[in-house]
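-13 is the number of the first residue of the sequence shown in our numbering; add one for each residue after it. Positions of the beta carbon are idealized from the N, C-alpha and C atoms, including for glycine. In what follows, a single structure is set out as structure tokens and then discussed.
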Amino acid sequence: MKHSKSKRIAVAVVLGTLIMFIWGGFSHLVLFIGTGFTPLPNENKVIETLKSSIPEQGLYFFPGKDFRKKYTEKEESEFMNKFQFGPVGMLIYRPIGGSPLSPKKLLTQLVSNFLSSLAAAFVASLLLATYWKRVITITLLGGLACISVGMIYWNWYEFPTSFFIAQCIDLLVCFFIAGLVIAKIVPQPASINEVKH
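Following this line, the structure appears as structure tokens:
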């Protein structure tokens, strides 16, 4: 019985992973392509400046501040003045770009989808509930990811609202579609005692 249950969970995880991976490609390359992103004005000039100014890959922000360092009152005041009156921004930078759809990135995406599907299947296996309640619960996992991570980036780092909304829709739909399959395949616990054990 346990072997059969494990097999069904494994099948659900594999199918859920494939659904999430395919949906991710469709949503990012077709539905939400470029949402929230704007081409850089004067790109060639800016790129030349970046090449001569930033030698290493990294996540940069401006106005710059080393939060591990203790600043004088005057330095703090200067930073606050720069921050309040701008410009303010973040820059994710690689001196050498590489392929936008490299095998490594696709593999990382697949691993992310696998872990997400595994978590969803595990949650489903604990739920003694109707099919649609299990689907909704799995869908809410996508909403949780959006609220706990996406909203922080939108709020503190000022990611565009259109990007945040697209991300939320993307995650909710992704987990909903995967949830339709996972909730159907993963067996429910026979009783509340099985959930406890």
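**Request:** Leaving out five residues on either side along the sequence, give the residues of the same chain with a beta carbon under 7 Å from the beta carbon of valine -3.
**Result:** Ile171
**Request:** Decide if glycine 83 is buried, meaning its Cβ has at least 16 other Cβ atoms within 10 Å, or exposed.
**Result:** exposed
**Prompt:** At which residues does the beta strand (DSSP E) containing glycine 44 begin and terminate?
**Reply:** 44 to 48
**Contacts around alanine 169, its chain only, beta-carbon distance under 7 Å, and the 5 residues preceding and following it disregarded** = Ala110, Tyr117, Arg120, Val121 and Ile124
**Reference leucine 87, options Gly10, Gly2 and Leu1, closest by Cα** = Gly10
**Asked** Would you report the Cα separation of isoleucine 78 and serine -10, rounded to the nearest angstrom?
**Response** 47 Å
**Asked** Since proline 173 and glycine 22 are thought to touch, with beta carbons under 8 Å apart, how far apart are those beta carbons, to the nearest angstrom?
**Response** No, proline 173 and glycine 22 are not in contact; Cβ-Cβ is about 40 Å, not under 8 Å.
**Prompt:** Is DSSP giving leucine 87 helix, strand or coil here?
**Reply:** coil
**Request:** Flag this pair as touching only if the region 25 to 38 and the region 130 to 140 have three or more C-beta atom pairs under 8 Å; answer yes or no.
**Result:** no
**Prompt:** Under 8 Å, do phenylalanine 7 and leucine 104 count as touching if we go by C-beta distance?
**Reply:** no
**Asked** Taking Cβ to Cβ, would you say methionine 66 is nearer than 8 Å to phenylalanine 47?
**Response** Phenylalanine 47 sits away from methionine 66, with the two beta carbons spaced by 8 Å or more.
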